[in-house]
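Working notes, structure below.
Number of protein chains: 2
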Amino acid sequence: MTGKQFASVWLREPRKTASPGRSRDEIVRAAIEILDAEGLGGLSMRKLGAKLSAGATSIYWYVAHKDELLELVYDQVWGEMSMPEPEDVGWRDAASVLAYSMRSVILRHPWAADLLGRMPALGPNAIQVADRMRRMFKLAGFEGMDVDYAGSTLTAYIYGMTIPEVAWNSTMGEHEYDPDEMRAMVARAVRDFPDMLERMDMSAYDDPQTVRQVAFDFGLVSVLDGLERRLAT
Amino acid sequence: MTGKQFASVWLREPRKTASPGRSRDEIVRAAIEILDAEGLGGLSMRKLGAKLSAGATSIYWYVAHKDELLELVYDQVWGEMSMPEPEDVGWRDAASVLAYSMRSVILRHPWAADLLGRMPALGPNAIQVADRMRRMFKLAGFEGMDVDYAGSTLTAYIYGMTIPEVAWNSTMGEHEYDPDEMRAMVARAVRDFPDMLERMDMSAYDDPQTVRQVAFDFGLVSVLDGLERRLAT
DNA sequence: ACCTGAACACCGTTCAAGT
DNA sequence: ACCTGAACACCGTTCAAGT
Numbered sequence: 001m002t003g004k005q006f007a008s009v010w011l012r013e014p015r016k017t018a019s020p021g022r023s024r025d026e027i028v029r030a031a032i033e034i035l036d037a038e039g040l041g042g043l044s045m046r047k048l049g050a051k052l053s054a055g056a057t058s059i060y061w062y063v064a065h066k067d068e069l070l071e072l073v074y075d076q077v078w079g080e081m082s083m084p085e086p087e088d089v090g091w092r093d094a095a096s097v098l099a100y101s102m103r104s105v106i107l108r109h110p111w112a113a114d115l116l117g118r119m120p121a122l123g124p125n126a127i128q129v130a131d132r133m134r135r136m137f138k139l140a141g142f143e144g145m146d147v148d149y150a151g152s153t154l155t156a157y158i159y160g161m162t163i164p165e166v167a168w169n170s171t172m173g174e175h176e177y178d179p180d181e182m183r184a185m186v187a188r189a190v191r192d193f194p195d196m197l198e199r200m201d202m203s204a205y206d207d208p209q210t211v212r213q214v215a216f217d218f219g220l221v222s223v224l225d226g227l228e229r230r231l232a233t
Numbered sequence: 001m002t003g004k005q006f007a008s009v010w011l012r013e014p015r016k017t018a019s020p021g022r023s024r025d026e027i028v029r030a031a032i033e034i035l036d037a038e039g040l041g042g043l044s045m046r047k048l049g050a051k052l053s054a055g056a057t058s059i060y061w062y063v064a065h066k067d068e069l070l071e072l073v074y075d076q077v078w079g080e081m082s083m084p085e086p087e088d089v090g091w092r093d094a095a096s097v098l099a100y101s102m103r104s105v106i107l108r109h110p111w112a113a114d115l116l117g118r119m120p121a122l123g124p125n126a127i128q129v130a131d132r133m134r135r136m137f138k139l140a141g142f143e144g145m146d147v148d149y150a151g152s153t154l155t156a157y158i159y160g161m162t163i164p165e166v167a168w169n170s171t172m173g174e175h176e177y178d179p180d181e182m183r184a185m186v187a188r189a190v191r192d193f194p195d196m197l198e199r200m201d202m203s204a205y206d207d208p209q210t211v212r213q214v215a216f217d218f219g220l221v222s223v224l225d226g227l228e229r230r231l232a233t
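Chain order of the listed sequences is A and B. Residues in the first sequence are numbered consecutively from 1, following full-length UniProt numbering. Residues in the second sequence are numbered consecutively from 1, following full-length UniProt numbering.
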């Protein structure tokens, strides 16, 4: 009757390792090195084993399966996000700092974009950020479930902006391409839609990276304004 | 000197198939059937071949690689999204309808959540939606690059809400679990954070599905309010 | 023009066996 | 308690060969 329990590394006792042999920390560190160097597709259990000069399957002693390993590295990423105590700087500044920080952390670890929103974020680092975010929105004046809803709104925005940005970077990075040729092809795909063509002309000579910066800021301000508006009513 | 071109099915000439043999449509239909039934992990080229009672590798005649196939099915998903002409209903209603429609389409094809924001959306259906969205925000009063920024903001929100929702559904679906047991474990993970614990108590007996509905609406209204605010300044 | 099968170079995971 | 290697059941993709 008692169904299988929800699966997360963080919800089960780890193996009480006396200290010898490899450790989870060591494994996670090695995994992140591989991930930063070769991306999510580059991380295999065999390669990780090799990097630790261990048998390919030794890792299964420390971790039930690859997904658990990914949960572990994922929480490390959450640990890199910086968020001031909302009580110190006020909720809007805290929210902005968190947003920019999340974006830059993910851009630094592009593989993490594939985990964002997909993997349960129940590690200590993730929970700490979640907790601060709750306090932030309570400080702002939200109550009850609205604290939650405001939080989802903000993180949804950040995820939704960051994921495509990373995806774009990686497609562009793989095949280095001729920008003019590409513009011509996209223009072709879009040829029946005057508004879309107009858009292409507009942004033709802007630096894509700063455009994305500005876009992120524009949206963030909008989202925060929108949340502020909810407080008034 | 002329680098490799940006890769997308939509940016290259398809094979001019006279008509005999399999067709792309047929392949895409079969692929979607598999995807709906077994999810993204359930779709392999071999299985797809088998379903078409063809050799495992015949598909490579119609498609350069699996990613192209995914681009094709992805655009079908865009085709299911419904969006009224903004001129008919006004920009805010059009935006809301699109948002709800996107959410429900993705919930219907959960595998598509893994493509959202990752795959170039250059198919005719995706472009049509993008075009309407541009017209929508122009109608609202945005100009220049702001039309784009407003669009990114809205889609970022939708992506960022939908992706985790689907992920959650699928983790919950796989292992059917004992809710009490699970709550206990999560409570344990969160034990040092009084605000997080409070949150768990609060939402203890709510139906998760309606909570997510309400959350989606809350955030959407906030985002649209925030965008409206930008028009005023 | 379209399809095939064999082959290559991988995967994650299980498990009996070792120390 | 920790690690190993072999094995299982898969992958996507290439390519020479067939019709």
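Note that CB positions come from ideal geometry on N, CA and C, so glycine has one too. Here the structure is a predicted model, which is why all the values come from computation and not from measurement.
Name the two residues that bound the continuous alpha helix (DSSP H) containing residue i.
| i | result |
| --- | --- |
| P86 of chain A | 86-89 |
| residue 240 of chain B | No information on residue 240 of chain B is available, as it lies outside the stretch 1 to 233 that chain B covers here. |
| P194 of chain B | 194-202 |
| G39 of chain A | G39 of chain A -> no alpha helix (DSSP H), and no H or E assigned at all. |
| M133 of chain B | 124-140 |
| M119 of chain B | Looking at the DSSP string, M119 of chain B is not in any alpha helix (DSSP H), and its letter there is neither H nor E. |
| D217 of chain B | 208-232 |
| A189 of chain B | 179-189 |
| L48 of chain B | 45-51 |
Starting from residue i, find everything on chain A with Cβ-Cβ shorter than 9 Å and list it in chain order.
| i | result |
| --- | --- |
| L11 of chain B | M182, M185, V186, R188, A189 |
| L48 of chain B | Under the 9 Å cutoff, chain A gives no residues; its nearest Cβ is about 21 Å from L48 of chain B. |
| P120 of chain B | A167, W168, T171 |
| Y74 of chain B | Within 9 Å Cβ-Cβ: nothing; Y74 of chain B doesn't reach chain A, min ~12 Å. |
Applying the 10 Å Cβ sphere with the 16-neighbour rule, what's the burial state of residue i?
| i | result |
| --- | --- |
| T2 of chain A | Unreliable placement is indicated for T2 of chain A, whose pLDDT of 38 sits below 50; the coordinate value is still reported in the next sentence. Flag for T2 of chain A reads exposed. |
| T233 of chain A | exposed |
| G173 of chain B | exposed |
| T57 of chain A | exposed |
| Y205 of chain A | exposed |
| M202 of chain A | exposed |
| G151 of chain A | buried |
| R135 of chain A | buried |
| E13 of chain A | exposed |
| D146 of chain B | buried |
| R199 of chain A | buried |
| S82 of chain A | exposed |
| R15 of chain B | exposed |
Answer yes or no: the CB of residue i versus the heavy atoms of the ligand MN, is any distance below 7 Å?
| i | result |
| --- | --- |
| E198 of chain A | Here there are no bound small molecules, and the ligand MN is not part of this structure. |
Identify the contact partners of residue i in chain B, using a Cβ-Cβ distance below 8 Å as the criterion.
| i | result |
| --- | --- |
| L227 of chain A | S222, G226 |
| Y149 of chain A | V214, A215, F218, G219 |
Please list the partners that residue i has in chain A, where partner means a Cβ-to-Cβ separation under 7 Å.
| i | result |
| --- | --- |
| P164 of chain B | G117 |
| T155 of chain B | G160 |
| I127 of chain B | A189, V190, F193, M196 |
| M202 of chain B | G144, M145 |
| R134 of chain B | D195, M196, R199 |
List the residues of chain B that residue i touches, going by C-beta distances under 7 Å, in chain order.
| i | result |
| --- | --- |
| A130 of chain A | M196 |
| R152 of chain A | Looking at the sequence itself, residue 152 of chain A is Ser, so the reference to Arg does not match. Chain B residues near S152 of chain A: M161, A215, G219. |
Name, please, each residue of chain A whose Cβ falls closer than 8 Å to the Cβ of residue i.
| i | result |
| --- | --- |
| Y100 of chain B | The contacting residues do not exist; Y100 of chain B stays about 15 Å from chain A at best. |
In chain B, which residues lie with their C-beta within 9 Å of the C-beta of residue i?
| i | result |
| --- | --- |
| R230 of chain A | F218, V221, S222, D225 |
Validate contact between the stretch 46-53 of chain A and the stretch 88-96 of chain A using beta carbons, cut 8 Å, 3 pairs
no
Contact between the stretch 150-163 of chain B and the stretch 149-166 of chain A: three or more CB pairs below 8 Å?
yes
Counting Cβ pairs, one atom from each stretch, are 3 or more of them under 8 Å apart for the stretch 102-116 of chain A and the stretch 53-69 of chain A?
no
Decide if the stretch 114-132 of chain B is in contact with the stretch 76-85 of chain B; the criterion is three or more beta carbon pairs, one per stretch, under 8 Å apart.
yes
Does the structure place the stretch 136-146 of chain A close enough to the stretch 182-191 of chain A that three or more beta carbon pairs sit under 8 Å?
no
Taking contact to mean at least 3 C-beta pairs separated by less than 8 Å, is the stretch 161-174 of chain B in contact with the stretch 92-105 of chain A?
no
Mind the definition here: the stretch 7-14 of chain B touches the stretch 193-211 of chain A only if three or more C-beta pairs lie below 8 Å; say whether that holds.
no
On the three-pair Cβ rule with 8 Å, is the stretch 35-42 of chain B touching the stretch 208-218 of chain A?
no
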